[in-house]
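Student: In my numbering, the protein residues as written are 913 to 1051. Let me give you the structure first, and then I'll get to my questions.
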Amino acid sequence: MDNPFFLQKEIEIQGYDIDYGGVVSNIVYIRWMDDLRTALLKDHYSLALMAKNGLAPVVNKTHAHYKRPALFGDSLIAKIRITMLEKIRWEVQVEITKNGGETVFTAVQSGAFVNLKNGRPVPVPAILADKWKEYQTVL
């Protein structure tokens, strides 16, 4: 079984992503992580549906490692995978490479799902927990 909690996507560096030296700004990688997480969740439980159900994923920790610069014009490939879904916590890993394989950025991010009305943590939504459990049994 292919990992249903994995996404690979090409990233095109935009003019607004770079600083005055032509290097992708550090904060842009964090924005890309958010975009990747949203795209990955869309296939399972979209943010729009979560919000309609009164839920949202929130980040509580990001450990980022900027390994080498990405420059305007570089060809980037981003990979994200969910590595943990526990009772109320989740964790993702991200790797961004350039020009066919040089790693420029890695990160681990964790968080929880919260009730939008009171901001309190809630269990991982069943639709995700059930898919995660199914995926774990075939590993």
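Yeah, the Cβ is synthetic: ideal placement off N, Cα and C, and Gly gets one too. Here the structure is a predicted model, which is why all the values come from computation and not from measurement.
(1) How close, in whole Å, do the beta carbons of residue 999 and residue 1035 come, if the pair is a contact with beta carbons under 8 Å?
(2) Taking 7 Å as the cut-off, decide whether the C-beta atoms of residue 948 and residue 992 are in contact.
(3) Using CA coordinates, which residue listed in 1026, 922 and 1049 is at the minimum distance from residue 962?
(4) Over what stretch of residues does the beta strand (DSSP E) that includes residue 968 continue unbroken?
(5) I'd like the list of long-range same chain contacts for residue 941, defined as Cβ closer than 6 Å, with 5 residues on each side in sequence excluded.
(6) Would you kindly work out how many angstroms separate the C-alpha atoms of residue 944 and residue 972, rounded to a whole number?
(7) So, for residue 937: in the same chain, excluding its five sequence neighbours on each side, which residues have a beta-carbon less than 7 Å away from its beta-carbon?
(8) Put residue 940 into one of helix, strand or coil per three-state DSSP.
(9) For residue 1046, which three-state DSSP category applies?
(10) From this set, 1001, 922 and 960, which residue's C-alpha is nearest residue 1022's C-alpha?
(11) Mind checking residue 1029: buried by the 16 CB within 10 Å criterion, or exposed?
(12) By the three-class DSSP mapping on this structure, what secondary structure does residue 927 have?
Tutor: According to the structure shown:
(1) 6 Å
(2) yes
(3) 1026
(4) 967–978
(5) 1017
(6) 17 Å
(7) 929, 930 and 931
(8) helix
(9) helix
(10) 1001
(11) exposed
(12) helix
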